[in-house]
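Residue numbers (this note's numbering), protein chains in the order written: chain A, 161 to 496; chain B, 161 to 496. Using N, Cα and C, we set each Cβ at its ideal position, and we do this for glycine too.
2 protein chains.
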Amino acid sequence: MDNGIVISSRVRLARNFAGYPFPAHLDSEKSLALTQKVYEALGKGEEKFSIVRISDMGKQQGEALKELHLISDDLLRINKYSAVIVNKSNDVSVMVNEEDHVRAQCILPGNLLAEAYEKISDVDDMISAGNNIAYSPSLGYLTACPTNVGTGMRASAMMFLPGLSLTKSLEKCIGAVARFDMTVRGEYGEGTSSEGYLYQVSNAKTLGLTEKDIVSGVSVAVEQLEKNEITARQLLLEQKGTTLRDGIMRAYGVLTNAYTLTTKEFMDKLGLVKLGVWYGFLNCDDVSKLDELAKDCRPANMTLKSGKNMDSEERDVYRAEKVAETLSTLVRKTKN
Amino acid sequence: MDNGIVISSRVRLARNFAGYPFPAHLDSEKSLALTQKVYEALGKGEEKFSIVRISDMGKQQGEALKELHLISDDLLRINKYSAVIVNKSNDVSVMVNEEDHVRAQCILPGNLLAEAYEKISDVDDMISAGNNIAYSPSLGYLTACPTNVGTGMRASAMMFLPGLSLTKSLEKCIGAVARFDMTVRGEYGEGTSSEGYLYQVSNAKTLGLTEKDIVSGVSVAVEQLEKNEITARQLLLEQKGTTLRDGIMRAYGVLTNAYTLTTKEFMDKLGLVKLGVWYGFLNCDDVSKLDELAKDCRPANMTLKSGKNMDSEERDVYRAEKVAETLSTLVRKTKN
């Protein structure tokens, strides 16, 4: 059964076309030509893809796509003629002219790393077919940044780790995982702090191993962290039951009643509410709806959905209203 | 209309019998004789009084009566043969052998100082009838402590002043009131800090003025503070509307969901909830029930009512459950 600890699984591949400078040094003509090349290649499959060019993208839309992990900050910065190509279900996104010519990713909800790898491999095959991809027999795929050379692959899982975080044992577990060349970071990657007890676990190395090695390596790390997390949750209940339950119930009380809520506070308290559902202090028939709510309440996504022009103070009030509305129906106190 | 700012009005008189040492130096025989004298005097009226002797009183019961302002700490300390005599509605309580032989008080809900004075005067007349009360034509009533000599009277009002407290203008208002020989203190008198934004306003002087002077003096001070409080609340709404509403709604959220609650936190957050009802952020058909809840949730009263033997951690959990139960039905969010 899905215990909600692995929120999503993601695999991304970095690819470049031979004979073209990397995007940072690519002129407009070649940038556009590459974009067209990738879009056409993807058009040959069964799945329908749509393209959004950065030049046509409003600031809010760009932010919204970043919040959903469909594009990166670099896509908006490195090359003026960059674009993102996504499938209908939004689980495959191909960035063109980010740091590399192609950054193709598949992101699936839950613990589905192998499936994500399979799906993105198909996409990779489509792009490679009939195109000359930069590849060295000794090194593997060539990329703009040496850290990606080799497989050009990063496999990661977004994990919900409140137990490890609240028992302050995350550091130790990260250390253990790092010995297997894994990295643990905040939800939005390097240098971002964790919100809502969400952590990204990914491979640190891309060179000298196969793609399957990477997928199985990350899977093992995820499995280990999952076990640690469950142990930590049990410990927390035994040692600090009252404080724990109180903190969770207060978080629920604030989320269902506050008049204003920042994203950070919302995410952290939502994390506690989800933990409360796991313990059975709170009832929720469909926890995945809480993760959806988390996405919908990110600043840019929320603003776009609302159709309103809001400053940050108004947005926090609007968020509080939405959250209270949704949570009051979705999550209920368990009878003692 | 009652705006809930004056919670209760209280008048107490200090009296002593001529020819008897003060209670601190009174032997057992005389202590018991005096108690009997007072109890008999009160028995002559229409109202039925009952007597509780300190020697028969459990620790919890003593604490409970203190929490309800029916007895003082000194009653439990100064003389082993002290007692309290109360009427059925608990609004008249006569302490025998506290600091003085007789401390008679009337406490009424709301802004009813004149009525409280009238009622306690009748009680005073009953006690004085046929008894020799220590009185000096030049000084007035004689008391154990010189600060009570004269009228032996203290008139006070319990006021709910969140506006003045949150705008940090209470100090200034206390200063203004002090110039008219009034004192402002926490709910449980001298040296106690305020909980739940409750403050006791009383006369500082008992000598050189009449009882009616005192009642009207306190009434004027109460009226002034009431006006200041309303102005402060309006200012707060204008200047810090979002923060104010947010704080109130969170207090409500915590009180209806927390798993554990100390008295202090409960009182402070209940104060915010009451303020929220005043502003119309929250709906409550009967605010006086919130003040009743406050009494019922004091440690000793709650323990007695529960019929359970609880340590302080269990009591806080029990309180949280009671409060959530009561508030969820009594107070509702207003639709925005």
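Does any residue of chain A have a CB that is nearer than 7 angstroms to the CB of residue i?
i	result
B/V491	no
B/N417	yes
B/M462	no
B/M409	yes
If I'm right that residue i touches residue j with Cβ under 8 angstroms, what's the distance once you round it to whole angstroms?
i	j	result
A/V375	A/Y277	5 angstroms
A/P322	A/L432	7 angstroms
B/N292	B/G179	7 angstroms
A/N257	A/L194	7 angstroms
B/A484	B/N417	6 angstroms
B/S316	B/Q360	5 angstroms
A/A460	A/A224	4 angstroms
B/A294	B/L302	4 angstroms
B/L450	B/K429	In fact, because the Cβ distance is near 11 angstroms, the residues do not count as touching under 8 angstroms.
B/I167	B/L358	7 angstroms
B/K279	B/V252	7 angstroms
B/F441	B/T391	Rounded, the Cβ-Cβ distance is 19 angstroms, inconsistent with contact.
Does residue i have its Cβ less than 7 angstroms from a Cβ in chain B?
i	result
A/V483	no
A/Y412	yes
A/T471	Per the sequence shown, the amino acid found at residue 471 of chain A is Asp instead of Thr. No, A/D471 does not count as interfacial toward chain B.
A/D406	yes
A/T402	yes
A/T420	yes
For residue i, tell me which candidate among the options has the shortest Cα-Cα distance.
i	options	result
A/A174	A/L442, A/N461, A/E425 and A/N308	A/N308
B/G346	B/V171, B/S325 and B/S281	B/S325
B/E474	B/D451, B/F441, B/A454 and B/T423	B/T423
B/L299	B/L358, B/G356 and B/T366	B/T366
A/T420	A/E386, A/L435, A/D471 and A/T370	A/D471
B/S488	B/M427, B/G413 and B/K434	B/G413
B/S448	B/S188, B/K197 and B/V491	B/V491
B/E355	B/V337, B/G467, B/L404 and B/E425	B/E425
A/N239	A/S191, A/L202, A/V212 and A/E207	A/S191
B/L395	B/D476, B/Y439, B/M217 and B/D284	B/Y439
B/I214	B/M255, B/V283 and B/R263	B/M255
A/I287	A/N363, A/V262, A/L268 and A/G218	A/V262
B/K372	B/A411, B/K400, B/F441 and B/S281	B/S281
B/R458	B/I267, B/E227, B/Q220 and B/E200	B/E227
A/K208	A/R410, A/K248, A/S362 and A/L415	A/K248
B/I267	B/R170, B/L415, B/T327 and B/L397	B/R170
B/E499	B/S329, B/M409, B/F177 and B/K197	Nothing about residue 499 of chain B can be read from this structure; chain B reaches only from 161 to 496.
B/A184	B/D234, B/S210, B/G218 and B/K197	B/D234
A/N163	A/T311, A/D216 and A/M319	A/M319
A/G220	A/K468, A/K482 and A/D476	Checking the sequence shown, residue 220 of chain A turns out to be Gln, not Gly. Checked all of A/K468, A/K482 and A/D476; the closest Cα to A/Q220 is A/K468.
A/E481	B/G203, B/R410 and B/A480	B/R410
A/K400	A/T370, A/P297 and A/T327	A/T327
Once you ignore the five residues that flank residue i on each side, which residues in its own chain have a CB closer than 7 angstroms to its CB?
i	result
B/D502	The question about residue 502 of chain B has no answer here: the residues shown for chain B are numbered 161 through 496.
B/L186	Y180, N239 and N257
B/D504	Only positions 161 to 496 of chain B appear in the structure, and residue 504 of chain B is not among them; the question remains open.
A/A106	Outside the displayed span of chain A (161 to 496) sits residue 106 of chain A, for which this structure offers no information.
A/G205	M286
B/D476	T420, L421 and T422
Give me, in chain order, the residues of the same chain whose beta-carbon lies closer than 6 angstroms to that of residue i; leave out the 5 immediate sequence neighbours on both sides.
i	result
B/I334	V344
B/E389	I165, L321, G323 and L324
A/S188	Y241
A/T486	L453
B/G149	This structure gives no information on residue 149 of chain B, because the portion of chain B shown stretches from 161 to 496.
B/A304	F182, E259 and D260
A/I119	Nothing about residue 119 of chain A can be reported from this structure: the residues present for chain A run from 161 to 496 only.
Looking only at its own chain, which residues have a Cβ that is under 8 angstroms from the Cβ of residue i, when we skip the five neighbours before and after it?
i	result
A/F340	G377, V380 and A381
A/D284	L173, R175 and A264
B/M342	V361, S362, N363, A364, G377, V378 and A381
A/I408	L432, V433, L435, G436, Y439, F441 and L442
Report the neighbours of residue i on chain D: residues whose CB is nearer than 9 angstroms to its CB, in chain order.
i	result
B/V433	Of the chains in the structure shown, none is chain D; the protein chains are A and B.
Taking three-plus beta-carbon pairs below 8 angstroms as touching, is the region 262-278 of chain A in contact with the region 378-398 of chain A?
Of all C-beta pairs linking the region 262-278 of chain A to the region 378-398 of chain A, three or more are shorter than 8 angstroms, placing the two stretches in contact.
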